[in-house]
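Number of protein chains: 2
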Amino acid sequence: MPELDAIDRKILALLQTDSRMTMQELADKVGLSVSPCHRRVKLLEERGVITRYIATVDQKALGLHVSVFISIKLARQKEEDLNRFAKAISKWDEVLECYLMTGNRDYLLRVVAADLASYETFLKTKLTRLDGIASIESSFALSQVKYSIALPV
Amino acid sequence: MPELDAIDRKILALLQTDSRMTMQELADKVGLSVSPCHRRVKLLEERGVITRYIATVDQKALGLHVSVFISIKLARQKEEDLNRFAKAISKWDEVLECYLMTGNRDYLLRVVAADLASYETFLKTKLTRLDGIASIESSFALSQVKYSIALPV
DNA sequence: CAGATCATTGGTAAATTATCCCAATTCTGG
DNA sequence: CCAGAATTGGGATAATTTACCAATGATCTG
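The following block contains the structure:
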C-alpha cells in the first residue's frame with residue numbers, strides 16, 4: 119500500500135471540510151489539473167482511505183437538545199458478553215458513539231435525545247433492559263464546545 | 119419555520135448515509151420525481167438543516183491508532199475562563215470533540231493521535247501548557263464499537 | 001552520465017448529473 | 001363544492017464528472 123503524499127493529505131483535508139466543491143476547485147487548491155486530481159480521489163476511495171460522502175445535519179434543527187455520555191460497566195467481560203452488548207447498541211440510532219474503554223468503566227457511549235423525557239424512555243425501554251449490565255452512569259453535556267469529523271492529516 | 123415532514127426526514131436520513139447518490143436515486147427512494155426532491159434538498163440547505171457535505175476518512179488508514187477521552191477540571195469556572203479554554207482547544211486538530219459537562223468534571227474531550235508518543239507530545243506541548251487547568255484525567259479507548267455521524271430523524 | 005522504462009500529469013471530448021422554468025396536479029380553507 | 005395556494009412533474013439547458021490519449025517528468029540501470 120503506497121504512502122499518502124502531501125497532495126493526498128491536502129485533498130483529504132479539503133474533502134473532510136467540503137466534499138461538494140468541484141474537481142476544478144479542488145484541483146486548483148492542491149495545485150494540480152483536474153485529471154490527476156480526479157484520479158487521486160478515486161484511488162483514495164478504492165484504497166478505503168475515503169470511506170464515504172455524507173451530509174451533516176444540525177442537531178438543534180432536529181430538536182435534539184440533549185447530549186449524554188453514559189459510562190457502563192458489565193457484570194462480566196467475556197468476549198461473548200462484549201459482543202452481545204456491541205450488537206445491541208449498534209442497532210439504536212440514539213447511540214452515536216460507543217467505545218470500549220480501559221480503566222474501571224467498560225464502555226463509554228454518546229447518546230442524543232430530543233429532551234430529558236425521551237432520554238428517560240431510551241434508558242427504560244432499551245438500555246436498562248439489556249442483560250449483564252452492572253452499572254450505568256449518565257453525564258449530561260451542557261454545550262458542545264467543539265465537534266469535528268475531520269481527522270488530522 | 120416550517121416543520122419537517124416525513125419526506126424531509128427520509129431525505130435527511132438518506133443523505134446522512136450517502137450524499138453522493140444522484141437526485142434521481144434519492145427521488146426514487148423517497149417517492150418523488152427529481153424536481154420536487156431537488157427543491158426540498160435546497161430548502162433544507164437554506165434553512166440550515168443540512169449544514170455541509172463532507173467526505174469521511176478511515177482513522178486507521180491515517181495511522182491514528184489512539185483515541186483518548188480527557189476529563190478536565192478548571193481552577194475557576196467564570197465565563198472568561200471557559201471562553202479562553204474553548205478558544206484554545208478549538209484551534210487544535212487533535213481535539214475532535216469537546217463538551218462542557220455537568221457534574222464534577224468541567225470538560226470532556228475526545229482526542230486522536232497516531233500513537234502514545236504523539237499523544238504525550240500533545241499533552242506536553244499543548245494541553246498542559248494552558249493556564250487555569252486544575253486537573254486532567256485521560257481514559258483510553260481500546261476500540262471503537264460504534265461511530266456514527268447520522269443523527270436520528 | 002546517458003538512455004530507457006515507468007509513473008504521473010494535462011487537455012479534450014463524451015456522458016452523466018444538476019438546475020431551472022412552466023404547466024399540471026393536489027391540498028386547504030371557506 | 002369552489003377558489004387560492006402550495007407542491008409536483010417533465011423537459012431543456014448548463015454544469016460537472018469521467019475516460020481516453022499524448023506529453024512530461026522521475027527513476028533505475030548499465
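Order-wise, the sequence lines are chains A and B.
Numbering-wise, our numbering comes out as the position in the first sequence, counting from 1, plus 118.
Numbering-wise, our numbering comes out as the position in the second sequence, counting from 1, plus 118.
Beta carbons: idealized from backbone N, C-alpha and C, even for Gly.
What you are looking at is a predicted structure, and each value in this text was computed from that prediction instead of being measured.
Pop quiz: residue i and residue j are said to be a contact at Cβ under 8 Å. What is the actual Cβ separation, rounded to whole angstroms?
i	j	result
S189 (chain B)	L226 (chain B)	6 Å
V167 (chain A)	A179 (chain B)	4 Å
E163 (chain B)	P270 (chain A)	In fact, because the Cβ distance is near 27 Å, the residues do not count as touching under 8 Å.
S256 (chain B)	V186 (chain B)	5 Å
L234 (chain B)	V184 (chain B)	6 Å
L192 (chain A)	A252 (chain A)	6 Å
V263 (chain A)	A131 (chain B)	Going by Cβ atoms, the distance from V263 (chain A) to A131 (chain B) rounds to 27 Å, so no, they are not a contact pair.
M141 (chain B)	C155 (chain B)	6 Å
T243 (chain B)	F258 (chain A)	Going by Cβ atoms, the distance from T243 (chain B) to F258 (chain A) rounds to 32 Å, so no, they are not a contact pair.
Provide the residue span of the alpha helix (DSSP H) that contains residue i, from first to last.
i	result
I125 (chain A)	A124 to L133
A145 (chain A)	M141 to V148
P154 (chain A)	V152 to E164
Can you tell me whether residue i is buried or exposed? The criterion is at least 16 other CB atoms within 10 Å of its CB, across all chains shown.
i	result
Q195 (chain A)	exposed
R247 (chain B)	exposed
Q134 (chain B)	buried
S208 (chain B)	exposed
S151 (chain A)	exposed
S137 (chain A)	buried
R158 (chain B)	buried
L182 (chain A)	buried
A124 (chain A)	exposed
L260 (chain A)	exposed
L161 (chain A)	exposed
D249 (chain A)	exposed
Tell me whether residue i, by its Cβ, gets closer than 6 Å to a heavy atom of the ligand MN.
i	result
L200 (chain B)	Because no ligand of any kind appears in the structure shown, any question about the ligand MN cannot be addressed here.
Looking at the unbroken beta strand (DSSP E) that takes in residue i, where does it start and where does it end?
i	result
A173 (chain B)	I168 to V175
What ranges does the beta strand (DSSP E) occupy inside the segment 186 to 258 of chain A, keeping only unbroken runs of at least 3 residues that lie completely in it?
213 to 219 and 225 to 231
Whether or not the segment 170 to 186 of chain A and the segment 161 to 173 of chain B are in contact is what I'm after, with contact meaning three or more pairs of Cβ atoms, one per stretch, closer than 8 Å; do they touch?
Yes, since at least three Cβ pairs between the segment 161 to 173 of chain B and the segment 170 to 186 of chain A fall closer than 8 Å, the two stretches touch.
Would you be able to state if there are at least three C-beta pairs under 8 Å between the segment 203 to 217 of chain B and the segment 227 to 235 of chain B?
yes
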